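Presented below is the structure to which this report refers.
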Amino acid sequence: MSDREQLIQQLLKDLDARTTGAIRFLAGHTSRRSFLGKLGVFMAGMGAFPVLPVLREANAQNVTPRQQVNGVADIVEMGDPQQCEYWRYCGMSGTLCTCCGGSNTQCPAGSQTATVAWVGTCHNPADGRDYLISYNDCCGKSSCGSCGCSRSEGDKPVYFPSKSNSILWCFGSTSHAYHCTLALVIGHGDSNSMR
Amino acid sequence: MSDREQLIQQLLKDLDARTTGAIRFLAGHTSRRSFLGKLGVFMAGMGAFPVLPVLREANAQNVTPRQQVNGVADIVEMGDPQQCEYWRYCGMSGTLCTCCGGSNTQCPAGSQTATVAWVGTCHNPADGRDYLISYNDCCGKSSCGSCGCSRSEGDKPVYFPSKSNSILWCFGSTSHAYHCTLALVIGHGDSNSMR
Amino acid sequence: MLQRKLLVLGLMLSCGAANAQWDRIVGSVTSIGEPTERWVSIRGGNTAYLVDVEEGEVKGTLPLSRFSPAVRPHMTQGKIYTYGSYYKRDVYGDLENVLISFDIETASPVGEIPLPVLPAGIGHSGMIALIDERFVGIWNITPAMSVTIVDVINNVAVGEIATPGCAAVYPLGRGFMMPCGDGTIQYITLSDTGTEVSRARSPAFFDVMADPVFDYAVPTGAGWMFVSLEGLVYEATLNGGGVEISEGWTLNPETNGTKDVNGVEFARDDSWRIGGRQAFTYSAEAGLMMTVMHEGGGQETFEKPGKEVWAFNMTTKNRGYRLKMEGDQTVSAVQLTPGNDPLLLLMTSTGLQVHDASTGRKIRDINVSGNLIQNLF
Amino acid sequence: MLQRKLLVLGLMLSCGAANAQWDRIVGSVTSIGEPTERWVSIRGGNTAYLVDVEEGEVKGTLPLSRFSPAVRPHMTQGKIYTYGSYYKRDVYGDLENVLISFDIETASPVGEIPLPVLPAGIGHSGMIALIDERFVGIWNITPAMSVTIVDVINNVAVGEIATPGCAAVYPLGRGFMMPCGDGTIQYITLSDTGTEVSRARSPAFFDVMADPVFDYAVPTGAGWMFVSLEGLVYEATLNGGGVEISEGWTLNPETNGTKDVNGVEFARDDSWRIGGRQAFTYSAEAGLMMTVMHEGGGQETFEKPGKEVWAFNMTTKNRGYRLKMEGDQTVSAVQLTPGNDPLLLLMTSTGLQVHDASTGRKIRDINVSGNLIQNLF
Numbered sequence: 054m055s056d057r058e059q060l061i062q063q064l065l066k067d068l069d070a071r072t073t074g075a076i077r078f079l080a081g082h083t084s085r086r087s088f089l090g091k092l093g094v095f096m097a098g099m100g101a102f103p104v105l106p107v108l109r110e111a112n113a114q115n116v117t118p119r120q121q122v123n124g125v126a127d128i129v130e131m132g133d134p135q136q137c138e139y140w141r142y143c144g145m146s147g148t149l150c151t152c153c154g155g156s157n158t159q160c161p162a163g164s165q166t167a168t169v170a171w172v173g174t175c176h177n178p179a180d181g182r183d184y185l186i187s188y189n190d191c192c193g194k195s196s197c198g199s200c201g202c203s204r205s206e207g208d209k210p211v212y213f214p215s216k217s218n219s220i221l222w223c224f225g226s227t228s229h230a231y232h233c234t235l236a237l238v239i240g241h242g243d244s245n246s247m248r
Numbered sequence: 054m055s056d057r058e059q060l061i062q063q064l065l066k067d068l069d070a071r072t073t074g075a076i077r078f079l080a081g082h083t084s085r086r087s088f089l090g091k092l093g094v095f096m097a098g099m100g101a102f103p104v105l106p107v108l109r110e111a112n113a114q115n116v117t118p119r120q121q122v123n124g125v126a127d128i129v130e131m132g133d134p135q136q137c138e139y140w141r142y143c144g145m146s147g148t149l150c151t152c153c154g155g156s157n158t159q160c161p162a163g164s165q166t167a168t169v170a171w172v173g174t175c176h177n178p179a180d181g182r183d184y185l186i187s188y189n190d191c192c193g194k195s196s197c198g199s200c201g202c203s204r205s206e207g208d209k210p211v212y213f214p215s216k217s218n219s220i221l222w223c224f225g226s227t228s229h230a231y232h233c234t235l236a237l238v239i240g241h242g243d244s245n246s247m248r
Numbered sequence: 022m023l024q025r026k027l028l029v030l031g032l033m034l035s036c037g038a039a040n041a042q043w044d045r046i047v048g049s050v051t052s053i054g055e056p057t058e059r060w061v062s063i064r065g066g067n068t069a070y071l072v073d074v075e076e077g078e079v080k081g082t083l084p085l086s087r088f089s090p091a092v093r094p095h096m097t098q099g100k101i102y103t104y105g106s107y108y109k110r111d112v113y114g115d116l117e118n119v120l121i122s123f124d125i126e127t128a129s130p131v132g133e134i135p136l137p138v139l140p141a142g143i144g145h146s147g148m149i150a151l152i153d154e155r156f157v158g159i160w161n162i163t164p165a166m167s168v169t170i171v172d173v174i175n176n177v178a179v180g181e182i183a184t185p186g187c188a189a190v191y192p193l194g195r196g197f198m199m200p201c202g203d204g205t206i207q208y209i210t211l212s213d214t215g216t217e218v219s220r221a222r223s224p225a226f227f228d229v230m231a232d233p234v235f236d237y238a239v240p241t242g243a244g245w246m247f248v249s250l251e252g253l254v255y256e257a258t259l260n261g262g263g264v265e266i267s268e269g270w271t272l273n274p275e276t277n278g279t280k281d282v283n284g285v286e287f288a289r290d291d292s293w294r295i296g297g298r299q300a301f302t303y304s305a306e307a308g309l310m311m312t313v314m315h316e317g318g319g320q321e322t323f324e325k326p327g328k329e330v331w332a333f334n335m336t337t338k339n340r341g342y343r344l345k346m347e348g349d350q351t352v353s354a355v356q357l358t359p360g361n362d363p364l365l366l367l368m369t370s371t372g373l374q375v376h377d378a379s380t381g382r383k384i385r386d387i388n389v390s391g392n393l394i395q396n397l398f
Numbered sequence: 022m023l024q025r026k027l028l029v030l031g032l033m034l035s036c037g038a039a040n041a042q043w044d045r046i047v048g049s050v051t052s053i054g055e056p057t058e059r060w061v062s063i064r065g066g067n068t069a070y071l072v073d074v075e076e077g078e079v080k081g082t083l084p085l086s087r088f089s090p091a092v093r094p095h096m097t098q099g100k101i102y103t104y105g106s107y108y109k110r111d112v113y114g115d116l117e118n119v120l121i122s123f124d125i126e127t128a129s130p131v132g133e134i135p136l137p138v139l140p141a142g143i144g145h146s147g148m149i150a151l152i153d154e155r156f157v158g159i160w161n162i163t164p165a166m167s168v169t170i171v172d173v174i175n176n177v178a179v180g181e182i183a184t185p186g187c188a189a190v191y192p193l194g195r196g197f198m199m200p201c202g203d204g205t206i207q208y209i210t211l212s213d214t215g216t217e218v219s220r221a222r223s224p225a226f227f228d229v230m231a232d233p234v235f236d237y238a239v240p241t242g243a244g245w246m247f248v249s250l251e252g253l254v255y256e257a258t259l260n261g262g263g264v265e266i267s268e269g270w271t272l273n274p275e276t277n278g279t280k281d282v283n284g285v286e287f288a289r290d291d292s293w294r295i296g297g298r299q300a301f302t303y304s305a306e307a308g309l310m311m312t313v314m315h316e317g318g319g320q321e322t323f324e325k326p327g328k329e330v331w332a333f334n335m336t337t338k339n340r341g342y343r344l345k346m347e348g349d350q351t352v353s354a355v356q357l358t359p360g361n362d363p364l365l366l367l368m369t370s371t372g373l374q375v376h377d378a379s380t381g382r383k384i385r386d387i388n389v390s391g392n393l394i395q396n397l398f
């Protein structure tokens, strides 16, 4: 097989992986029980949808300001947000927005933040505490292939979407073309005070 | 850099190579003079277009039946038409239609033959003679990435399109999405009798 | 569409008389030939490759959208269905979701039916089903879960059925099964017009947190085979109005002195796991089951490619052989062709491999890559 | 388009007050910042990456079509132009050819102008030009060769200029240069409305069969630099109504005892050739020229990636240093940023590299891959 053939075959495999299943993983640093407890606040109105943490804009605005959660005023963080090893990415799978002109809280210019996201719990080694992380996809642009990152923990089949890495989380965007993923700190993983 | 990042980067490179420049090479087994001599017949009506071998359906039908060219009734061929080393591919660059459901004379089902093609001269080792080969692109489907083949001889810049490998030769098709390339034997390379 | 098809046919007809020795200058277009039970579809990139695995040749390709998960052959109609999502500017602008039908003979699109709901863009053969040769069912997640039913005789989308907590569409009779997050299999019966008549659920037989079944399932004839991430194998069938689940058996039994078909005592394989894009396949006619296996990792590695393929005798439920990949090669998908003497197809990191299913012996490599391997029949 | 842009802006504004410590749950959208002379566009896949090579960061991306060759910045307008070809079903169906303008600040498409002719789908920065800050010129091959002129002040395609035998659009004043198959450079002058006023040709200075110039050219300020496949360097300038070609000098001189700027005698380099997707770059301000070089092969290897980059002092026309790629790494494109103290940018097989141009010393790697490197200014 020539170099070119190998390249082409790689291309085909990559295309498939990138476009037909946006890969999402869940932080596994939490048991189901604690997970449900922490997410209960987001799940009002979700009806028969099991355990899917739908974070709609409307709901989000009802959440009390997050700097008051547990009275924590700041997060001590260390590490490079462009590296997959960064602490917030324990539940990440996809492309890091930090490599595409965005940050961990802002989608790159011209893309759109999905209004639904997956939430995981990651351990911050710099302060020794766990935090809830919301992984929001940014959508509506061609895939930003710069920094792929998959840290697989707790992946589940698609009928359990809150833990499935095969789902394209672009809900709420005007396009479901996947661009990259944020990693927002939304609270303490060891607190029940998010109400 | 992780495996995934490398894959993604390869993807990007491949995409570019595959979609923004359909790579075409010309057989270099002929000097410019002999080349013009042999192709002159196809160039009627081409006006100011230098040396571009436009092979329109209408023109093609005016050519005398090709089995009478030099009285040759058959071609002795050896080798695997799915391999880039096959004798007809001296001027090939692209994907072999023989790997995509087509042959060297027929586009795969559902694709369209371009009405303009590049012609090169290849040496057939099985009978020791040179033949004129027409490389027609088949278009209108997503790229068939199975058998890439580039044998670079005589490639020229794009202002000399008949010898440029960067041009997408899908003219005459209803879509210029590149699928694969044929390699048609259209005459003897050492004859002047194609009129 | 039609116009284009006619053009293609026109080209083909006008070239029928091409001389065998000297080729026409413009070239011509071939047709695809007569598919057999040993033709499969391979989804690679945005293309479905139609491959005759007996001959070892790609016979044609179908252009898919970037959001098309799989194809769904309807061989009695001579058609292959898929769905696609198309934005006016590739990744932005107006969106059209359509069910597309391809004519197999010409490998060309011949029809489109608009879809009312955005379908799931997931690379999975369970996302689109042919139900009773009459309906196509498509799974949606928006994030609400539902199934769109398209009547492919009258060429119209007839409706959307809400299926909260349940995914994929596994056709059986005039209805379909779905695995659900509460540990059950749901069955929905359709009317003659494609509307929901009734739904039933099996007893809960798995715990989604402890050991869920793959959302990928394979047909057993009477029902569907579901396999858990820890390697428990179940069959879901219909019994009257209800869904019945067989007792599970394990791919990784404890060492208890059992001998396999070769008389060799089972080694304990606790460190091996089932995984892959298509992690298992089953042939009722041949009594064979094949699984993709890798060593180590947690349950969440269920999509990880394997280093071995294990073959099970379904009469004894014992493992007949282990097929090891060479060097760095991995395998992500297994498929058995239909019939009593099936071929074993493996999608490996270096392309498609065809093996004799009973011996595991490799017959050939085929120069095509992708993910999903689907039988046409 | 506009609606979409407003939505994006809306999201941005509503997030301005996001707390620095705890993030908003939905996230927000950033803007792209203020481009400097050290921002470039990298075309990789169907994306243009806008990269600050000083900072080493991707600042944003633009979604391109599969047939978009390059971008064309119009910095005084705050816009970036490209063209795209879009089929209704990705690779088949109705075709739309459009000139697309992106707003740089929001990295979003803000306008489209329909194009009357199918543009060339070639991965080349010479395919689209900004002429006198007022017109965009696009090269077409159908297979007739022509240039479409779009008035980007009045947002309308004003016409098509036939350019048989000549390719690419290299803007200069109120017109553009093109290399031609007869060995000349053609210059076409435009009127205020974008129609052709006059055309001129240089004397023939190369033989297309013996030693043609690259169709890729780089600006010199007064004109354009053309380089032949055998390594002869020419400058094309305007002189009154005519096109003038400077005497060529060679990148591979015979060994004649000449010493380079380091006092080292030139070694004969007959076996080295210029090649690559962007095989050379020139900075008039810094007096530097860089070329991508590989060893061996015939003239047709002019697109082959290199194993070295050669740096020339343009005062002496001598080679200052040879930069060798590490291991299996190859380099396919070189670019110098604007200004007196330019950065040397290399697109290598492992990603973008930033070097100090005067020493060749590597400053950093940037995690972005692609082909074409274009300066924004």
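Protein chains in written order, with the working numbering: chain A, 54 to 248; chain V, 54 to 248; chain G, 22 to 398; chain H, 22 to 398. Cβ atoms here follow ideal geometry from the backbone N, Cα and C, with glycine treated the same way. In this text the structure is predicted, and so the values were computed from the model without any measurement.
Can you list, in chain order, the residues of the region 181-207 of chain A whose Cβ is nearer than 7 Å to any Cβ on chain H?
187, 189, 194, 195, 197, 198, 199, 200
Through-space distance from residue 238(A) to residue 179(A), alpha-carbon basis
14 Å
Suppose you measure from the CA of residue 400(H) to the CA of residue 255(H); what does that come to, to the nearest Å?
Nothing can be reported for residue 400(H), as the shown portion of chain H is limited to 22 through 398.
Looking only at its chain, what residues have a beta carbon closer than 6 Å to the beta carbon of residue 52(V), apart from the 5 residues adjacent to it on each side?
Outside the shown range of chain V (54 to 248) lies residue 52(V), about which nothing can therefore be said.
Name the DSSP beta bridge partners of residue 400(H), please?
In the structure as shown, chain H starts at 22 and stops at 398, and residue 400(H) therefore has no counterpart that could be examined.
Residue span of the beta strand (DSSP E) that contains residue 282(H), given as start and end:
Premise fails: residue 282(H) is in no beta strand (DSSP E) and is neither H nor E.
Is residue 280(G) buried or exposed, if buried means 16 or more other CB atoms sit within 10 Å of its CB?
exposed
What first and last residue would you give for the beta strand (DSSP E) that runs through residue 171(G)?
166-172
Can you tell me which of the three DSSP states residue 385(H) falls into?
strand
Count the other C-beta atoms from every protein chain shown that fall within 10 angstroms of the C-beta of residue 385(H), then say buried if there are 16 or more, exposed otherwise.
exposed
Going by C-alpha distance, which of 164(A), 209(A), 154(A), 183(A) is nearest residue 231(A)?
164(A)
Among 194(H), 375(H), 333(H), 324(H), whose alpha-carbon lies nearest the alpha-carbon of residue 302(H)?
333(H)
Residue environment, residue 295(H), which counts as buried when at least 16 other CB atoms sit within 10 Å:
buried
Would you say residue 105(H) faces chain G, with C-beta separation under 9 Å as the test?
yes
Within 8 Å, do at least three Cβ pairs link the region 138-149 of chain V to the region 184-197 of chain V?
yes
Assign residue 173(A) to one of two classes, buried (16 or more other C-beta atoms within 10 Å of its C-beta) or exposed (fewer than that).
buried
In the DSSP assignment, the beta strand (DSSP E) including residue 171(A) goes from what residue to what residue?
171-177
Below 8 Å between beta carbons is the criterion; list the residues of the region 128-154 of chain G that meet it against any residue of chain A, in chain order.
139, 141, 142, 143, 144, 145
Does the separation of the CB atoms of residue 64(H) and residue 364(H) fall below 9 Å?
no
Which chain V residues are close to residue 48(G), counting only those with a beta carbon under 7 Å from its beta carbon?
158, 159, 160, 166, 189, 235, 237
Residue range of the unbroken beta strand (DSSP E) whose run includes residue 131(A)
It is not in any beta strand (DSSP E) - residue 131(A) carries neither H nor E in the DSSP assignment.
Cα-Cα, which of 259(H), 341(H), 395(H) is closest to residue 354(H)?
395(H)
Mind pulling the beta strand (DSSP E) runs of 3 or more residues that sit fully within the region 302-350 of chain G?
309-316, 329-334, 339-345
Beta-carbon of residue 324(H) versus every beta-carbon of chain V: anything under 9 Å?
yes
Examine the Cβ distances between the region 158-167 of chain G and the region 179-199 of chain G and report whether three or more of them are shorter than 8 Å.
yes
Along the beta strand (DSSP E) that carries residue 208(A), what are the first and last residues, could you check?
Neither: residue 208(A) is in no beta strand (DSSP E) and is coded neither H nor E.
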